[in-house]
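When we follow my numbering, the leftmost residue of the sequence shown carries the number 59, and every step to the right adds one. All C-beta atoms, glycine included, are put in the ideal place defined by N, C-alpha and C. Quick caveat: nothing in here was measured; it's all calculated off a predicted structure.
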Amino acid sequence: MQKSFIAIATLAVTVLTAGVPQAHAQAYPGKPIRFVLPFPPGGGTDILGRILGQKLSEQIGQPVVPENRPGAGGNVGMEYASRQPADGYTIVICSPSLAISPSLYKKLSYKQDDLAVIGKVASIPNAFVVHPVVPARSVKELVALAKKSPGKLNFGTGGAGTSNDLAARYFIAENKLDILVVPHKGVNQATVALLGGQVDMVVVGVATSAPHVKAGKLRALATLTDKRTETLPEVPSIVEAGFPWFQVDTWYVMAAPAGTPQAVIGRLNAEFNKMLKTPDMQKRLDANGAIPVTSTPEEAVRFVKKETEVWAKVISQAQLSHSQ
Numbered sequence: 059m060q061k062s063f064i065a066i067a068t069l070a071v072t073v074l075t076a077g078v079p080q081a082h083a084q085a086y087p088g089k090p091i092r093f094v095l096p097f098p099p100g101g102g103t104d105i106l107g108r109i110l111g112q113k114l115s116e117q118i119g120q121p122v123v124p125e126n127r128p129g130a131g132g133n134v135g136m137e138y139a140s141r142q143p144a145d146g147y148t149i150v151i152c153s154p155s156l157a158i159s160p161s162l163y164k165k166l167s168y169k170q171d172d173l174a175v176i177g178k179v180a181s182i183p184n185a186f187v188v189h190p191v192v193p194a195r196s197v198k199e200l201v202a203l204a205k206k207s208p209g210k211l212n213f214g215t216g217g218a219g220t221s222n223d224l225a226a227r228y229f230i231a232e233n234k235l236d237i238l239v240v241p242h243k244g245v246n247q248a249t250v251a252l253l254g255g256q257v258d259m260v261v262v263g264v265a266t267s268a269p270h271v272k273a274g275k276l277r278a279l280a281t282l283t284d285k286r287t288e289t290l291p292e293v294p295s296i297v298e299a300g301f302p303w304f305q306v307d308t309w310y311v312m313a314a315p316a317g318t319p320q321a322v323i324g325r326l327n328a329e330f331n332k333m334l335k336t337p338d339m340q341k342r343l344d345a346n347g348a349i350p351v352t353s354t355p356e357e358a359v360r361f362v363k364k365e366t367e368v369w370a371k372v373i374s375q376a377q378l379s380h381s382q
């Protein structure tokens, strides 16, 4: 009799709890969501994040509150997000720093696994641009100029840990050049410095550089893509320029603190995929130089793992790891 009672009680608990994950997903979200933006206000990542956050808020019927946590190439914001409760009410937009930092820094204050990847959301093609006073009209001419005048040129970047900073250092190392790297607090600041003539070259988004290139304020030597872009069709790809190994784009994935319920991860993934397939969002992202990208959480996890392996190889070959 006692065994029968225990069996019935166990069955009852199983039935009552079987639908908990689904019920949680259906009830979610029940309050505002904090959206961590790991870069300064006004930059490309910040703008992209706010566009995505606004649309997410419209779809789920809850406020999505942006919170800028810039620093260390995005690592400050990603670490902060990873330390928040894994309840689905904190999300963060991650750049290539998520894949770069584990190999670049020997001592990192958080682990890549401290974040649960939700899905891919966008990518931004980059351009290699110089100030018009730089006497080079191709990447090969720039390399020749740098070798002829060692120590005379400098390369502006968005700061340690960012993909454009690592790209700059990789380019310099692979070509055995003596060029000073000048980190800034974001690639926008580096671009401003380039426009002002404080630095000689920058790797920056095609859409960001295009107006300045067309106005003659900057010169694009190549787009860091496998083929020419629609935005700058007159500019050769880096493959055409003779440096196929220097293809670098800026990608973005959404993530949440590790341990966030899979039902919530799935719900957020579905919401982002839904918005990124709408003509309105595609138009808004295109206006900001971004290409919408969708994926499942599993596909995004595999993508980040592959990118981590690629950047680890680059960092090792160029001997770029930092002790901090």
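Limits of the unbroken beta strand (DSSP E) element including Glu298: DSSP places Glu298 in no beta strand (DSSP E); its state is neither H nor E.
Gln305 to Asp236 span [Cα, whole Å]: Taking the straight line from one Cα to the other gives about 21 angstroms.
Gly131 beta carbon less than 9 angstroms from that of Gly263: Between Gly263 and Gly131, the C-beta gap is not smaller than 9 angstroms, which leaves the two residues out of contact.
Buried versus exposed, by CB contacts within 10 Å (16 or more), Glu329: It is buried - the Cβ of Glu329 has at least 16 other Cβ atoms within 10 Å.
Reduced DSSP secondary structure (H/G/I, E/B, other) of Ala273: Three-state DSSP puts Ala273 in coil, outside helix and strand.
Contact belief for Gly100 with Asn222 at Cβ below 8 angstroms, rounded distance in angstroms: Not really, about 17 angstroms apart at Cβ, beyond 8 angstroms.
9 angstroms Cβ cutoff met for Asn126 and Thr283: Taking a C-beta distance under 9 angstroms as the contact criterion, Asn126 and Thr283 do not qualify as a contact pair.
Start and end residues, beta strand (DSSP E) containing Leu95: Annotation for Leu95: the continuous beta strand (DSSP E) segment containing it runs Ile91 to Leu95.
The beta strand (DSSP E) enclosing Ile182, as first and last residue numbers: Leu173 to Val188 is the extent of the beta strand (DSSP E) around Ile182.
Own chain partners of Gln60 with C-beta closer than 8 angstroms, once the 5 adjacent residues on each side are dropped: Only weak support exists for where Gln60 lies, its pLDDT of 46 falling under 50; the value from the coordinates is given anyway. Excluding positions up to five away in sequence, the list is empty.
Length at least 3, wholly inside the segment 97–145: the beta strand (DSSP E) runs in chain order: Unbroken beta strand (DSSP E) runs of no fewer than 3 residues, entirely contained in the segment 97–145, are found at 122–126, following chain order.
Terminal residues of the alpha helix (DSSP H) in which Ile158 lies: Segment Ser155 to Leu162, the alpha helix (DSSP H) holding Ile158.
Helix, strand or coil at Ile349 according to DSSP, with G and I counted as helix: Three-state DSSP puts Ile349 in a strand.
Buried/exposed call for Trp303, threshold 16 Cβ in 10 Å: Under the 10 Å beta carbon count, Trp303 is surrounded by fewer than 16 other beta carbons and is classified as exposed.
Beta-carbon separation (whole angstroms), Ser140 vs Pro315, contact threshold 8 angstroms: Your pair Ser140 and Pro315 checks out as a contact, with CB atoms roughly 6 angstroms apart and the cut at 8 angstroms.
Under 9 angstroms between C-beta atoms of Ser153 and Thr308: Yes, the Cβ-Cβ distance between Ser153 and Thr308 is below 9 angstroms.
Beta-bridge pairing of Leu238 - partner residues as DSSP gives them: DSSP lists Asn212 as partners of Leu238.
Of the residues Lys205, Ala202 and Ala251, the one placed nearest Phe213, counting alpha carbons only: Nearest of Lys205, Ala202 and Ala251 to Phe213, Cα basis: Ala251.
Between the CA atoms of Tyr228 and Thr249 - distance to the nearest angstrom: Straight-line Cα distance between these residues: approximately 19 angstroms.
For Tyr310, the residue or residues it bridges with in DSSP: Bridge partners of Tyr310: Ala180.
Length of the line joining the Cα atoms of Arg277 and Arg108: Cα to Cα, the separation comes out at about 30 angstroms.
Residue range of the alpha helix (DSSP H) that includes Gly324: It spans Gln320 to Leu334 - the alpha helix (DSSP H) in which Gly324 sits, taken as one unbroken run.
Same chain, Cβ closer than 8 angstroms to Leu203, five either side skipped, listed in chain order: Shown here for Leu203: same chain residues with a beta carbon closer than 8 angstroms to its own, the five before and five after excluded, namely Val192, Pro193, Ala194 and Leu211 in chain order.
Pair within 9 angstroms by beta-carbon distance, Glu298 and Gly177: Not in contact: Glu298 and Gly177 (Cβ atoms no closer than 9 angstroms).
Where Gln382 sits in the DSSP three-state scheme: Model confidence at Gln382 stands at a pLDDT of 48, short of 50, so the residue's coordinates are unreliable and nothing is read from them.
Cβ shell of Gln377 (< 8 angstroms), same chain only, five flanking positions each side left out: Hits under 8 angstroms: Ala231.
Run of the beta strand (DSSP E) containing Thr148, from where it starts to where it stops: For Thr148, the uninterrupted beta strand (DSSP E) run begins and ends at Thr148 to Cys152, by DSSP.
Cβ-Cβ separation, Ser374 to Lys164 (assumed contact under 8 angstroms), whole Å: The C-beta distance from Lys164 to Ser374 rounds to 13 angstroms, too long to fall under 8 angstroms, and the pair is not in contact.
Proximity winner among Gly102, Gln120, Met136 and Phe97, relative to Leu326 (alpha-carbon distances): Comparing Cα positions, the closest option is Gln120.
Residue from Pro124, Thr266, Tyr310 and Val187 whose Cα sits closest to the Cα of Gly347: Comparing Cα-Cα distances from Gly347 to each of Pro124, Thr266, Tyr310 and Val187, the minimum goes to Thr266.
Thr366 versus Tyr310 - alpha carbon distance: Distance between the alpha carbons of Thr366 and Tyr310 is about 14 angstroms.
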